[in-house]
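**Student:** Numbering-wise (the numbering used here), the sequence shown opens with residue 6 and increments by one.
All C-beta atoms in this analysis are idealised placements derived from N, C-alpha and C, irrespective of residue type, glycine included.
As the structure is a prediction and not an experimental result, all values here were calculated from the model.
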Amino acid sequence: MGEFSVKSQEGRTTAPPSPIADEAALEAKRNDRLARPRSLRSPRRPRIWFEVLLIAASYWLYSLVRNAVPEQKAAALENAGRLWSVERFLGIAVEQTVNHAVNSVTWLVVSMNYYYATLHFIVTIGVLVWLFRFHPGRYAAARLALFATTGVALLGYYLYPLAPPRLMNGGHFTDTVLAHHTWGSMASGNFNNMSNQYAAMPSMHIGWSLWCGLTVFALASAPWARILGLLYPAVTLVVIVSTANHFWLDAMGGTACLTFGFAVSYAWYGALPHHLAKRVQLPRGRARLAGLSAGIPIRAGHPAADVAAHR
């Protein structure tokens, strides 16, 4: 490329400074200035230690704030009665029928109790790990959508205390955890003093499962995985109603929270998570510098992500 080599005193060949690096630096600055107005922040490569601490601290804070919301029993029961009346007016008040039908099949209702108690946490963490490993460029935006969804749900718990169907006065619902003596909802049995029992609206089982399902459906390549992504929130909806932990309208509240979460992510990153690049990309100028510093030859049209991957 017109460059020349010199011999050092030790006999090694070294190359003199190249003007290409200076041109690449100027190009990087120009690209940075052009990219800034497009979004508030560009995705960065996630760091595992930071993400583990952030998720653990966020879940602890969420649980702390949720359970610190005053248990306004009278208001929660009154709101539950009104919500039940609205559902009957709309013709969708079938929760009691579903609850009694499922409760009559022991193996099914016991499975649902354990599903309700565990999978919302396990699957959500699993999807986050999958994004971190295979979609690092989309991870931060998806994580922000999840966190914003959870954050706005806390506001709902505070402003609209709501008793779940199993605690309604005269609702004649069956608390399936108590009836079958299974380990389940923290708001049932011996754990009822450790959790706010009147924080049913919105349903974060739906908010989180829908986030998982949509994320997997949008990004997974295997058809069976995409199908499972759609089935997961649908099955979760059946479970939360069958176990008398939520009304149908609680699920709509969770969906509204998720919509808000994706809106926040879109405003911050300038695109929905699945529209971002799979890998964290460097501006072209920085990518050229990265390649030059690593001794990698840069071809015309070489993707920035490929260069960054060699760093």
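Are the beta-carbon atoms of Arg52 and Gly142 separated by less than 7 Å?
**Tutor:** By one-based count along the sequence shown, residue 52 stands at place 47. By one-based count along the sequence shown, residue 142 stands at place 137. Going by C-beta atoms, Arg52 is not nearer than 7 Å to Gly142.
**Student:** Quick check on the DSSP output: the alpha helix (DSSP H) that includes Asp255 runs from which residue to which?
**Tutor:** Residue numbering aside, residue 255 sits at position 250 when the sequence shown is read from its first letter. Segment 253 to 274, the alpha helix (DSSP H) holding Asp255.
**Student:** Rounded to whole angstroms, what's the CA-CA distance from Met173 to Ala85? Just pull it up for me.
**Tutor:** Numbered from 1 along the sequence shown, position 168 holds the residue referred to as residue 173. Numbered from 1 along the sequence shown, position 80 holds the residue referred to as residue 85. Roughly 7 Å between the two C-alpha positions.
**Student:** If the criterion is Cβ atoms closer than 7 Å, does the pair Tyr120 and Pro166 meet it?
**Tutor:** Here residue 120 is taken as the residue at index 115 of the sequence shown, counted from 1. Here residue 166 is taken as the residue at index 161 of the sequence shown, counted from 1. Result no, Cβ atoms of Tyr120 and Pro166 do not sit closer than 7 Å.
**Student:** So, for Trp213: in the same chain, excluding its five sequence neighbours on each side, which residues have a beta-carbon less than 6 Å away from its beta-carbon?
**Tutor:** Reading the sequence shown from its first residue, position 208 is the one you call residue 213. Within the same chain, Trp213 has close Cβ partners His125, Thr129.
**Student:** Less than 7 Å between C-beta atoms, sequence neighbours within five positions excluded: which residues of the same chain meet that for Gly218?
**Tutor:** Counting from 1 along the sequence shown, the entry for residue 218 is found at position 213. Excluding positions up to five away in sequence, the list reads Gly234, Leu235, Tyr237, Pro238.
**Student:** Run the CB neighbour count on Ile245, radius 10 Å, all protein chains shown included, and call it buried at 16 or more, exposed below.
**Tutor:** Indexing the sequence shown from 1 puts residue 245 at position 240. The residue in question, Ile245, is buried, as its Cβ has 16 or more Cβ neighbours within 10 Å.
**Student:** Starting from the C-beta of His210, find all residues in its chain whose C-beta is less than 6 Å away, skip the five residues before and the five after it, and write them out in chain order.
**Tutor:** Within the sequence shown, the letter at position 205 stands for residue 210. Result list for His210: His125, Thr241, Ile245, in chain order.
**Student:** Are Val107 and Val99 closer than 7 Å when you measure CB to CB?
**Tutor:** Stepping through the sequence shown from its first residue, residue 107 is reached at position 102. Stepping through the sequence shown from its first residue, residue 99 is reached at position 94. No; because the gap between Cβ atoms is not below 7 Å, this pair is not in contact.
**Student:** Could you name the residues of the same chain whose beta carbon sits closer than 6 Å to that of Ala158, not counting the 5 residues immediately before and after it, in chain order?
**Tutor:** Within the sequence shown, residue 158 is the residue found at index 153, counting from 1. So the qualifying residues of the chain are Pro207, Met209, Cys262.
**Student:** Can you tell me whether DSSP reads Val80 as helix, strand or coil?
**Tutor:** Start at 1 with the first residue of the sequence shown, and residue 80 comes out as number 75. Residue 80 is actually Ala in this sequence, not Val. DSSP places Ala80 in helix when its eight states are reduced to three.
**Student:** Classify Gly161 as buried or exposed, calling it buried when 16 or more other Cβ atoms lie within 10 Å of its own Cβ.
**Tutor:** Taking the first residue of the sequence shown as 1, we reach residue 161 at position 156. Buried, since its Cβ has 16 or more Cβ neighbours within 10 Å.
**Student:** What span of residues does the alpha helix (DSSP H) with Gly142 cover, start to end?
**Tutor:** Locating residue 142 in the sequence shown gives position 137, where the first residue counts as 1. That run of the alpha helix (DSSP H) goes 141 to 164.
**Student:** Alpha carbon to alpha carbon, how far is His185 from Thr111?
**Tutor:** Position 180 of the sequence shown holds residue 185. Position 106 of the sequence shown holds residue 111. Those two C-alpha atoms are separated by around 8 Å.
**Student:** Is the distance from the Cβ of Pro170 to the Cβ of Ala249 below 7 Å?
**Tutor:** Here residue 170 refers to the residue found at position 165 of the sequence shown. Here residue 249 refers to the residue found at position 244 of the sequence shown. Their beta carbons are under 7 Å apart, which means Pro170 touches Ala249 by this criterion.
**Student:** I need the DSSP call for Ile232, collapsed to helix, strand or coil.
**Tutor:** The residue given as residue 232 occupies position 227 in the sequence shown. It is helical.
**Student:** Find out if the Cβ-Cβ distance for the pair Ala205, His177 is shorter than 7 Å.
**Tutor:** Residue numbering aside, residue 205 sits at position 200 when the sequence shown is read from its first letter. Residue numbering aside, residue 177 sits at position 172 when the sequence shown is read from its first letter. Against a cut-off of 7 Å, the Cβ pair of His177 and Ala205 comes out as no contact.
**Student:** When the Cα atoms are used, what is the spatial distance from Leu59 to Arg93?
**Tutor:** Taking the sequence shown and counting its residues from 1, the one referred to as residue 59 is at position 54. Taking the sequence shown and counting its residues from 1, the one referred to as residue 93 is at position 88. Answer to the nearest angstrom: the Cα atoms are 42 Å apart.
**Student:** Buried or exposed: where does Arg148 fall if 16 or more other Cβ atoms within 10 Å of its Cβ makes it buried?
**Tutor:** In the sequence shown, residue 148 corresponds to position 143, counting from 1. Under this definition Arg148 is a buried residue.
**Student:** Between the Cα of Leu66 and those of Leu164, Ala268, Gly156, Trp54, spot the shortest distance and give me the residue it belongs to.
**Tutor:** Working through the sequence shown from its first residue, we reach residue 66 at position 61. Selected option, being the one with the closest Cα: Gly156.
**Student:** Out of Ile232, Ala225, Asp255, Ala62, point me to the one whose CA is closest to Val91's CA.
**Tutor:** Counted from its first residue, the sequence shown places residue 91 at position 86. The candidate whose alpha carbon is nearest that of Val91 is Asp255.
**Student:** What are the partner residues of Leu167, as DSSP defines its beta bridges?
**Tutor:** Taking the sequence shown and counting its residues from 1, the one referred to as residue 167 is at position 162. Its beta-bridge partners are Ala204.
**Student:** Ignore the nearest five residues each way along the sequence and tell me which others in Trp54's own chain have a CB closer than 8 Å to its CB.
**Tutor:** Taking the first residue of the sequence shown as 1, we reach residue 54 at position 49. So no residue of the chain qualifies.
**Student:** From Ala168, Leu183, Ser270, pick the residue whose C-alpha is nearest to that of Ala79; which is it?
**Tutor:** As a first step, residue 79 must be located in the sequence shown, where it is residue number 74. When each option's Cα is compared against that of Ala79, the closest is Ala168.
**Student:** May I ask you to report which of helix, strand or coil DSSP gives Ser131?
**Tutor:** Within the sequence shown, numbered from 1, the residue matching residue 131 stands at position 126. The sequence as given places Gly at residue 131; Ser does not occur at that position. Helix, per DSSP.
**Student:** Using the Cβ count rule (16 or more neighbours within 10 Å means buried), how would you classify Leu88?
**Tutor:** As a first step, residue 88 is located in the sequence shown; it is residue number 83 there, counting from the start. Leu88 should be labelled buried.
**Student:** With a 10 Å radius around its C-beta and 16 neighbouring C-beta atoms as the bar for buried, classify Gly259 as buried or exposed.
**Tutor:** Stepping through the sequence shown from its first residue, residue 259 is reached at position 254. Label assigned to Gly259: buried.
**Student:** What residue does the alpha helix (DSSP H) around Ile211 start on, and which one ends it?
**Tutor:** Numbered from 1 along the sequence shown, position 206 holds the residue referred to as residue 211. That run of the alpha helix (DSSP H) goes 209 to 224.
**Student:** Would you grab the beta carbon distance between Phe152 and Ser63 for me? Rounded to a whole angstrom, and I think it's under 8 Å.
**Tutor:** Along the sequence shown, one-based indexing puts residue 152 at 147. Along the sequence shown, one-based indexing puts residue 63 at 58. At roughly 6 Å, the Cβ-Cβ gap stays under 8 Å, so Phe152 and Ser63 are in contact.
**Student:** I'd like to check one pair, Ser270 with Ala150: are the Cβ atoms closer than 7 Å?
**Tutor:** Mapped onto the sequence shown, residue 150 falls at position 145. Mapped onto the sequence shown, residue 270 falls at position 265. Yes, these two residues count as a Cβ contact at 7 Å.
**Student:** Measuring CA to CA, which of Phe265, Gln101, Leu95, Ala227 is closest to Gly175?
**Tutor:** To locate residue 175, count along the sequence shown from 1; it is residue 170. Looking at the Cα atoms, Gln101 is the closest of the given residues.
**Student:** For Asn201 and Val132, I'd like the C-alpha separation in whole angstroms.
**Tutor:** Against the sequence shown, residue 201 aligns to sequence position 196. Against the sequence shown, residue 132 aligns to sequence position 127. Taking the straight line joining both Cα atoms gives about 27 Å.
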